[in-house]
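There are 2 protein chains.
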Amino acid sequence: MARPGGEREIIARIRQGAGNSGDLVVGIGDDCAVYKTASNRISLVTTDTMVEGVHFDLRWHPSFDLGRKAASVNISDIAAMGGLPRFALLSLALTPATGSQWLAEFMAGFSAVLSEHDVVLIGGDTVQSGHENVLSVTVLGEMAEAELITRKGARIGDLVLVSGFLGEAAAGLALCRLGLAHDPDWQPLVNAHLNPVPLVALGRVLAASGLVHAMQDLSDGLATDLAHICAESGVGAVVTAEKIPLSPLLRKAAESCAQSPLDWAISGGEDYQLLFTVTAQQVEPLCALVREKIGGELSVVGRIVEGQGVFLEEAGRSREISYRGYEHFR
Amino acid sequence: MARPGGEREIIARIRQGAGNSGDLVVGIGDDCAVYKTASNRISLVTTDTMVEGVHFDLRWHPSFDLGRKAASVNISDIAAMGGLPRFALLSLALTPATGSQWLAEFMAGFSAVLSEHDVVLIGGDTVQSGHENVLSVTVLGEMAEAELITRKGARIGDLVLVSGFLGEAAAGLALCRLGLAHDPDWQPLVNAHLNPVPLVALGRVLAASGLVHAMQDLSDGLATDLAHICAESGVGAVVTAEKIPLSPLLRKAAESCAQSPLDWAISGGEDYQLLFTVTAQQVEPLCALVREKIGGELSVVGRIVEGQGVFLEEAGRSREISYRGYEHFR
Numbered sequence: 001m002a003r004p005g006g007e008r009e010i011i012a013r014i015r016q017g018a019g020n021s022g023d024l025v026v027g028i029g030d031d032c033a034v035y036k037t038a039s040n041r042i043s044l045v046t047t048d049t050m051v052e053g054v055h056f057d058l059r060w061h062p063s064f065d066l067g068r069k070a071a072s073v074n075i076s077d078i079a080a081m082g083g084l085p086r087f088a089l090l091s092l093a094l095t096p097a098t099g100s101q102w103l104a105e106f107m108a109g110f111s112a113v114l115s116e117h118d119v120v121l122i123g124g125d126t127v128q129s130g131h132e133n134v135l136s137v138t139v140l141g142e143m144a145e146a147e148l149i150t151r152k153g154a155r156i157g158d159l160v161l162v163s164g165f166l167g168e169a170a171a172g173l174a175l176c177r178l179g180l181a182h183d184p185d186w187q188p189l190v191n192a193h194l195n196p197v198p199l200v201a202l203g204r205v206l207a208a209s210g211l212v213h214a215m216q217d218l219s220d221g222l223a224t225d226l227a228h229i230c231a232e233s234g235v236g237a238v239v240t241a242e243k244i245p246l247s248p249l250l251r252k253a254a255e256s257c258a259q260s261p262l263d264w265a266i267s268g269g270e271d272y273q274l275l276f277t278v279t280a281q282q283v284e285p286l287c288a289l290v291r292e293k294i295g296g297e298l299s300v301v302g303r304i305v306e307g308q309g310v311f312l313e314e315a316g317r318s319r320e321i322s323y324r325g326y327e328h329f330r
Numbered sequence: 001m002a003r004p005g006g007e008r009e010i011i012a013r014i015r016q017g018a019g020n021s022g023d024l025v026v027g028i029g030d031d032c033a034v035y036k037t038a039s040n041r042i043s044l045v046t047t048d049t050m051v052e053g054v055h056f057d058l059r060w061h062p063s064f065d066l067g068r069k070a071a072s073v074n075i076s077d078i079a080a081m082g083g084l085p086r087f088a089l090l091s092l093a094l095t096p097a098t099g100s101q102w103l104a105e106f107m108a109g110f111s112a113v114l115s116e117h118d119v120v121l122i123g124g125d126t127v128q129s130g131h132e133n134v135l136s137v138t139v140l141g142e143m144a145e146a147e148l149i150t151r152k153g154a155r156i157g158d159l160v161l162v163s164g165f166l167g168e169a170a171a172g173l174a175l176c177r178l179g180l181a182h183d184p185d186w187q188p189l190v191n192a193h194l195n196p197v198p199l200v201a202l203g204r205v206l207a208a209s210g211l212v213h214a215m216q217d218l219s220d221g222l223a224t225d226l227a228h229i230c231a232e233s234g235v236g237a238v239v240t241a242e243k244i245p246l247s248p249l250l251r252k253a254a255e256s257c258a259q260s261p262l263d264w265a266i267s268g269g270e271d272y273q274l275l276f277t278v279t280a281q282q283v284e285p286l287c288a289l290v291r292e293k294i295g296g297e298l299s300v301v302g303r304i305v306e307g308q309g310v311f312l313e314e315a316g317r318s319r320e321i322s323y324r325g326y327e328h329f330r
């Protein structure tokens, strides 16, 4: 199922870059990777596929950053449940036009993120593709079962919190499309799109706190992702527009692009911030804990209510925004 | 990272078809799937990507069979180490032209194989693709560590065995290309290409026997796959042409196609039979054990020797065949 010569060369290169881990029994180079999980730990697994022209555009996405992003978005799924990422598998379907330098840079970026999170690459494959490069990544993680945070636990009366600023990645994508990927003024936004950061440390602090009822990462935008939590928890949510954290640079970019900063924040997707619910009483202690342990601010953006669906309150009016998702490149 | 509306519909469909398992903590519908592994067991993981036009051709590959094959080739990697497959993740990158009926049939085939092996679908995603359908599957398995069979253990003096007949899938692909996919005379060969069977039960018997030194499945052909075992084990191998198990139907097809049946068997790939080494003394007891437990014949096709590389002895002459791989669709 592979490019015989090419695969061996790439595997050899990947093997050189792969770390090791005490729990790894068999790494790259056999039919499967084999590992152990401590008896009191549960395992987490996630997989994500990125297609050229749909999820990334090589006209402005440097190969190194794309490698970083392919790893980061999957690690973010582990962070979104409070887990610790451990192992990764990478499947690359590459067009004949994809050169070895591009691949080397992609792998350098991918490996850099793994290394930053002590994640070991343990398998995958490389195959030919005809027209598009397609990247499939699987990441395995682990954690104590008692600390697991799913999407199911949101309770009526909970407040809805997010980390960081929203809409940054969507603004960055809009700027890339306008040919402004290299404009120094917009680098924080462009970088949010090209090279998102998975919030593993924050996820671990939130999970260990025992205070969070439901959580996920913001991959498809606040409207869609909060709708997932609501659907899984059997509740509704109301988001207050004025409370959504928008950076000054985002507002400036929105003005410059004649776009709504709120739309980017609600429907933009790919911020990879964490979205979660806690009781009103626990918001202050949790914010203090996060500030103390890792720094960074959390924002209350809404509340969990009876019923279903996600509604946005803005200037005294309310409208449903459930599943108002991000439409890639359309 | 998804087709928002389409993904929810497909996930809903997949969830309905997904089974359950005592060790599964969180299935489809969260950021990650979460599961437990018994404390005395090790975990296995494998991933494989299949690209339209490279690994499959929709002109002759029915969607149901393709769904079966996508599951089977990954389960085969678990079988190749003697493991028990447990969980699967499926990432689909689908072109706009791919209709819902095609997808329903694909999922029916995929789910049928999972069900036959008590494997539970626990995650994945569906995304848009531009020109090609790309299928990425990850399968997780488990087993007792003491029973694990890697590619590393082949010893000088071992005999090299294979299960079943070789070259069947390559012959089937050749027949499909000639427009003979529906010719009733060739169905066993065509079916070997369209719908290979992962040999989980055989892998388990071989692993539990404690007699097998090195093993893998025949995915790229005897020449390449045996070269992997040799490279990992630091040994060489000699294959005897006359001993390679060729079915009467394969010989007939080779004559009809003016092809060499031996080439199909050595370089054809995709047979998903098991390839393994044992001491000469243990061949008879092992064959008897397999016959008793699950039926089916094993064939001795060669021997492990000092040095490196895989050599084919034919009519008194010897030539190197290492990594003489299968070049898909080329």
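Heads up: the sequence lines are chains L and A, in that order.
Residues in the first sequence are numbered consecutively from 1, following this note's numbering.
Residues in the second sequence are numbered consecutively from 1, following this note's numbering.
Ideal placement from N, C-alpha and C gives every residue a C-beta, glycine not left out.
Checklist entry - When the cut-off is 9 Å and only beta carbons count, does residue 32 of chain A lie next to chain L? => result Residue contact with chain L for residue 32 of chain A: present (Cβ-Cβ distance below 9 Å to some residue of chain L).
Checklist entry - From what residue to what residue does the alpha helix (DSSP H) around residue 232 of chain A run? => result Per DSSP, residue 232 of chain A belongs to the alpha helix (DSSP H) from 222-233.
Item to check | Contact with chain A by residue 152 of chain L, beta-carbon distance below 9 Å | outcome: True, the Cβ-Cβ gap to chain A drops below 9 Å.
Next on the checklist: Given this structure, state the Cα-to-Cα distance separating residue 41 of chain A from residue 84 of chain A, to the nearest angstrom.
Outcome noted: Distance between residue 41 of chain A and residue 84 of chain A, taken at the CA atoms: about 11 Å.
Item to check | Near-chain L residues of the region 308-321 of chain A - C-beta to any C-beta below 7 Å | outcome: Cβ contacts with chain L come from no residue of the region 308-321 of chain A.
Item to check | Closer than 9 Å to chain L by CB, residue 98 of chain A | outcome: Residue contact check for residue 98 of chain A against chain L: no CB pair falls below 9 Å.
Checklist entry - Does residue 168 of chain L get closer than 9 Å to chain D when you measure Cβ to Cβ? => result Among the protein chains of the structure shown, namely L and A, there is no chain D.
Checklist entry - Taking Cβ positions only, does residue 146 of chain A come closer than 9 Å to chain L? => result Not closer than 9 Å to any Cβ of chain L, the Cβ of residue 146 of chain A fails to qualify, so no.
Next on the checklist: I need the straight-line Cα distance from residue 99 of chain A to residue 242 of chain A, nearest angstrom please.
Outcome noted: Their backbone Cα atoms lie some 47 Å apart in a straight line.
Checklist entry - For residue 1 of chain A, which three-state DSSP category applies? => result In this predicted model, residue 1 of chain A has a pLDDT of only 35, less than 50, meaning its place in the structure is not dependable; the value taken from the coordinates is given anyway. The answer is coil: DSSP assigns residue 1 of chain A none of H, G, I, E or B.
Next on the checklist: Tell me the DSSP secondary structure of residue 105 of chain L in three-state form.
Outcome noted: Helix at residue 105 of chain L.
Checklist entry - Between residue 321 of chain L and residue 267 of chain L, what straight-line distance do the alpha-carbon atoms span, to the nearest angstrom? => result Residue 267 of chain L has its alpha-carbon roughly 9 Å from the corresponding atom of residue 321 of chain L.
Item to check | Status (buried if at least 16 other CB within 10 Å, exposed otherwise) for residue 251 of chain L | outcome: So residue 251 of chain L counts as exposed.
Checklist entry - Where DSSP assigns a beta bridge to residue 47 of chain A, which residues make up the other side? => result Residue pairing by DSSP puts residue 47 of chain A in a beta bridge opposite A/138.
Checklist entry - Counting contacts by CB-CB distance shorter than 9 Å, is residue 266 of chain L in contact with chain A? => result No, its Cβ sits nowhere closer than 9 Å to a Cβ of chain A.
Item to check | Three-state secondary structure assigned by DSSP to residue 188 of chain L | outcome: Secondary structure of residue 188 of chain L (DSSP, three-state): helix.
Next on the checklist: Please report whether the beta-carbon of residue 216 of chain A lies at a distance below 9 Å from any beta-carbon of chain L.
Outcome noted: Yes, residue 216 of chain A counts as interfacial toward chain L.
Checklist entry - Is it a yes or a no for the region 54-64 of chain L touching the region 167-176 of chain A, going by three-plus beta-carbon pairs under 8 Å? => result Contact fails: fewer than three Cβ-Cβ distances are below 8 Å.
Next on the checklist: Could you compute how far the alpha carbon of residue 131 of chain L sits from the alpha carbon of residue 104 of chain L?
Outcome noted: Straight-line Cα distance between these residues: approximately 20 Å.
Checklist entry - Going by C-alpha distance, which of L/208, L/46, L/154 is nearest residue 139 of chain L? => result When each option's Cα is compared against that of residue 139 of chain L, the closest is L/46.
Checklist entry - Start and end of the alpha helix (DSSP H) containing residue 248 of chain L? => result For residue 248 of chain L, the enclosing alpha helix (DSSP H) begins and ends at 248-257.
Item to check | Sequence-distant residues of its chain with Cβ nearer than 6 Å to residue 161 of chain A (five each side left out) | outcome: So the qualifying residues of the chain are 276, 298, 300.
Checklist entry - Roughly how far, in whole angstroms, is the beta-carbon of residue 196 of chain L from the beta-carbon of residue 249 of chain L, given that I think they are within contact range, below 8 Å? => result Not really, about 16 Å apart at Cβ, beyond 8 Å.
Item to check | Sequence-distant residues of the same chain with beta carbon closer than 7 Å to residue 124 of chain L, five excluded per side | outcome: Counting only residues of its own chain and dropping the five nearest sequence neighbours on each side, residue 124 of chain L has a CB closer than 7 Å to the CB of 89, 90, 91.
Checklist entry - So with Cβ pairs under 9 Å, would you call residue 89 of chain L a contact of chain A? => result Cβ-Cβ to chain A under 9 Å: yes for residue 89 of chain L.
Next on the checklist: Bridge partners for residue 216 of chain L per DSSP, in chain order?
Outcome noted: In DSSP, residue 216 of chain L forms a bridge with L/275.
Checklist entry - Cβ of residue 246 of chain A versus every heavy atom of the ligand MG: is any distance shorter than 8 Å? => result Of ligands this structure carries none, so the ligand MG is not represented either.
Item to check | Contact with chain L by residue 235 of chain A, beta-carbon distance below 9 Å | outcome: False, the Cβ-Cβ gap to chain L never drops below 9 Å.
Checklist entry - Hey, how far is the Cα of residue 26 of chain A from the Cα of residue 32 of chain A? => result So the alpha carbons of these two residues sit roughly 8 Å apart.
Item to check | Residues near residue 171 of chain A in its chain [Cβ-Cβ closer than 6 Å; skip 5 each side] | outcome: The residues are 189, 250, 253, 264.
Next on the checklist: Give me the chain L residues within the contact set of residue 80 of chain A, using Cβ-Cβ distance strictly less than 7 Å, ordered along the chain.
Outcome noted: Listed by position along chain L, the residues whose Cβ is nearer than 7 Å to that of residue 80 of chain A are 31.
Item to check | Contact set between the region 40-65 of chain L and chain A, restricted to residues whose Cβ is under 9 Å from the partner | outcome: Against chain A - using a Cβ distance shorter than 9 Å - the residues of the region 40-65 of chain L are 40, 41, 42, 43, 44, 45, 46, 47, 48, 49, 50, 51, 52, 53, 54, 55.
Next on the checklist: Does residue 96 of chain L pass the burial test, meaning 16 or more other C-beta atoms within 10 Å, or should it be called exposed?
Outcome noted: Counting Cβ neighbours within 10 Å, residue 96 of chain L comes out exposed, since fewer than 16 surround it.
Item to check | Reduced DSSP secondary structure (H/G/I, E/B, other) of residue 330 of chain A | outcome: Residue confidence for residue 330 of chain A is low, a pLDDT of 32 falling below 50, so the modelled location carries little weight; the figure read from the coordinates is stated next. In the three-state reduction of the DSSP assignment, residue 330 of chain A falls in the coil class, being assigned neither a helical nor a strand state.
Item to check | chain L within 9 Å of residue 273 of chain A, Cβ atoms only | outcome: No, no contact with chain L.
Next on the checklist: At the level of alpha carbons, what is the spacing between residue 218 of chain L and residue 305 of chain L?
Outcome noted: Spanning the two alpha carbons is a distance of roughly 20 Å.
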